[in-house]
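Take 13 as the starting number for the sequence shown in the working numbering and just add one per residue. From the three backbone atoms N, C-alpha and C, an ideal C-beta is built for every residue, glycine too. Input: a single structure, listed below in structure tokens.
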Amino acid sequence: MKRTIRTTALTVGALIAALGLQAGPAQADTTAPRIDLRVLVVSDGGPATDAIAAELDAAGTPYTTVDLTSSTRQVIDAGFLADTVDGRPRARFQAVVLPDDNPFAAGSTEMAALASYEQTFAIPQVDAYTYARPQAGLNVPTSGGYSGSIDGVQASVTDAGRAGPFGYLKGAVPFEDNSPSVSESYAYLSTPAPGADFTPYVQAPIPGTGTQGSLIGEYRHDGRRELVVTFVYNQYQEQFRLLSRGIVEWMTGGVHLGASRNYFAVHVDDVFLSDDRWDTQLNCTPGDVDCTNQSGTPSPIRMTAADVDHATAWEQSHHFTLDLLFNGSGSVDQRTDHNGVDQLADRLIADRNQFRWVNHTYTHAFLGCEQNTTVVPWTCAANPDGSTRWVSRQTIDDEIAGNRAWAQAAGLPLDNGELVTGEHSGLRILPQQPDDNPDLAPALADSGVRWLGADASRDPGQRQVGPAVTVPRHPMNVFYNAGHAAEEVDEYNWLYTSRAQGGSGLCEDDPATTTCLPAPLDTGTGYQDHIVPLETRIALGHVLSNDPEPHFIHQSNLAEDRIAYPVLNGVLDGYDALFADNTPLVNLRMKDIGTELQHRSAWKAALDAGQVTAYRIGGAVTVQAPSGTDVTATLPTGTTVGTGAFGTAYAGEVSGWTPSAGTALTFTLPPSAAAPARTAHSGARPTAPAPRTRVPAGVHRKVPAAPES
């Protein structure tokens, strides 16, 4: 069918008449309105609009929410949507997100105001989750389409989608099917309605036919553009995480504040040390402070030179760099016990430039309070006056400096600003130690540490510790005390099954635990069949959430059965199968992750305080932010700022941080990124949109299942 958009230039007089605005003084280039770089999210409290808002939050893209469920909400009218600034018509929002194609009652003046606004300023509209119907450019599902579950369906990006907003994907869009007993994805699959100017971007097979049905498509009508989404989702589901970037790029035309990239970094802790091994009979780890039964035979796990060869070959084949967090005393002890021989250290030092190195302290000593290990769980030892007995500043200094000295002698390329203490000790740990060791911050100052690793599962969010800021790290559920898959499964069963099934009862005591098992896993197959897919999905979920925080495992997981690699392969190979070459994984070292998190924190604070102003007039984008707050934006390739090129390439655009001195920054878009066309309607109000067609009786608007974390 013929797909056209009728566009003509709209004079400033027509704009003002259409919106009922007062005319202001004439200015140069008065035909171009000002479009503020902010999104309007009209929410009904459902998961779809919440998911889009979460995507904007994560990227640092400003938006305003109107909550339709609130009796005190803002009324949407012409004055709320637009006004004039210095005589120039201003659109307050660059895009509109609605819960569906028309969430208002029949004859709604609010929907009429939105339609007029979208026509006047060429503002796109996203229908976050809508029923397939002619008013959205689609046939109803009962006319050769489908409504129901699409769990496990392999959707695909069309040629138009790859040439347009979803060009960062290779084409496949798998829909999750994590539980056979829970419906996770509900959709309406349908084809364009007769005569509709509709272009599918993402589609899936209509069951029982040879026809593809649209899941996401663009509908052009009445001088308006809508992105029509006909499947429900929440912010955690992989299908949304894959498509969310394209939704934002479509509605902003690739011009918006904020940026999103896919990050993955892996820290390998305890390098050069040996890690204690889980005892499958004692159900604890001899050598660990919480294992009261020390009758088991010690059988420590330590990498070998062959494991190093495997790691370097794996890195090269995956174009990925591991971060090795090392404890030099492990090698010193090995040489002492083996007549000066340490083949592991020799091989790692010879291959030192294949890895990034991070100080993990010399002996891996616990640097918080002095531990009283005569009780389980351990407690903080107390002074005679009842105060907490802390590990001293001198001890912390020695642990940091001793490891640096060992690394320098070994020739390891080290950044002295980075540190991860053993077990993240020194930082607060609940319930035993609710406060940081007061000697930690001074010791960090003594040593010039700027970036301090923290456990994201118990100390989320970046925070200041003396001169340093934390870098939260995601723990992988690949246990430090397991070198063989069977050991991993045995411990997993102990932790996550009921007492009646031979487990610890953790899940009975803490119902919030989400990895609980209905029955023990088979020790021969459970790792590959259950743990690897689950850990892969969780880690890939972080990757697809614009989350730069690193993941951490232990050197034991690269030894013996090398159980970390199936999970890492699942993440990297899974990613490569989904994303185009223009959207590579970003693999940062710790200090760069810390810097990224700092930038984001300052940017969010400025947005929340209303200190950022940003707008587009024609081919120029102007942004003003507080002095010292770097500005983040995503813009078309070829954009310049001042006299230089802006940003670095990612996902078909350029993005990055630009320092702000408090004065306005001007970004000049390339000629190919022309201002969006505007449709004239001679100053007349548009006809009110057709009344909303309710979902037919017996057809349910399904919501996705809660995520597994």
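- Scanning its chain for C-beta atoms nearer than 7 Å, with the 5 sequence neighbours on each side dropped, one finds around GLY586 the residues THR548 and LEU552, in chain order.
- In this structure the region 73-83 lies against the region 41-58, because at least three pairs of beta carbons, one per stretch, are closer than 8 Å.
- Put simply, the region 280-296 touches the region 338-355. At least three CB pairs are less than 8 Å apart.
- Within its own chain, the residues whose Cβ lies closer than 6 Å to the Cβ of VAL301, once the five positions on either side in sequence are excluded, are THR385 and TRP390, listed in chain order.
- With contacts defined by Cβ atoms closer than 8 Å, ILE88 and GLU122 form a contacting pair.
- THR373 is positioned such that its CB atom lies closer than 8 Å to that of THR433.
- Bounds of any alpha helix (DSSP H) do not take in GLY654, whose DSSP letter is neither H nor E.
- Annotation: PRO671 to THR646 spans about 15 Å, alpha carbon to alpha carbon.
- By the criterion of at least three beta-carbon pairs nearer than 8 Å, the region 532-542 is not in contact with the region 236-248.
- Under DSSP, ASN371 takes part in a beta bridge, and its partners are PHE338 and LEU431.
- Counting only unbroken stretches of 4 or more residues, the alpha helix (DSSP H) elements lying wholly within the region 502-528 are 518-521, in sequence order.
- The Cβ neighbour count for GLN623, taken over all protein chains shown within 10 Å, is under 16; the residue is labelled exposed.
- Contact check between the region 273-280 and the region 555-571: three or more CB pairs, one atom from each, fall below 8 Å, which counts as touching.
- Just so you know, the alpha carbons of SER341 and ALA417 end up roughly 11 Å apart.
- With respect to the 8 Å criterion, ALA60 and PRO111 are classified as neighbours on the basis of their beta carbons.
- Annotated three-state conformation of GLN215 is strand, per DSSP.
- Nearest neighbour of TRP369 by Cα position, chosen from VAL403, ALA455, VAL280 and ALA394, turns out to be VAL280.
- Taking a 10 Å sphere around the C-beta of SER159, we find 16 or more other C-beta atoms and assign the residue as buried.
- Looking from the CA of SER437, the closest CA among ALA457, ILE408 and GLY414 belongs to ILE408.
- A contact between stretches requires three or more CB pairs, one per stretch, nearer than 8 Å, and the region 568-584 meets this requirement with the region 319-336.
- Beta bridge pairing from DSSP links ALA645 with LEU269 and GLY668.
- Burial state of ASN493 is buried, judged by a 10 Å Cβ sphere holding 16 or more other Cβ atoms.
- Residue pairing by DSSP leaves GLY235 without any beta bridge partner.
- Taking C-beta atoms as the reference points, ASP48 and TYR508 fail to come closer than 8 Å.
- Checking the DSSP bridge columns, you'll see CYS392 partnered with GLN383.
- Across the structure, GLU250 and HIS350 are spaced so that their CA atoms are roughly 50 Å apart.
- Here GLU230 carries a strand assignment [DSSP, helix/strand/coil].
- The beta carbon of PRO153 is closer than 6 Å to those of ALA144, SER159, TYR200 and SER202 in its chain, skipping five residues each way along the sequence.
- For THR660, the CB contacts under 8 Å within the same chain, skipping 5 residues up- and downstream, are VAL666, SER667 and GLY668 in chain order.
- In this structure, the straight-line span from the alpha carbon of ALA63 to that of ALA140 is close to 9 Å.
- The region 388-406 and the region 462-470 do not touch, with fewer than three beta-carbon pairs separated by less than 8 Å.
- Inside the region 450-477, DSSP marks whole beta strand (DSSP E) runs of 3 or more residues at positions 463-467, from first to last along the chain.
- The Cβ-Cβ distance between PRO101 and PRO136 does not fall below 8 Å.
- A residue is called buried once 16 or more other Cβ atoms fall within 10 Å of its Cβ, and PRO177 is buried on that count.
- DSSP places SER193 in no beta strand (DSSP E); its state is neither H nor E.
- The C-beta distance from ALA216 to ALA167 rounds to 4 Å, short enough to meet the 8 Å contact threshold.
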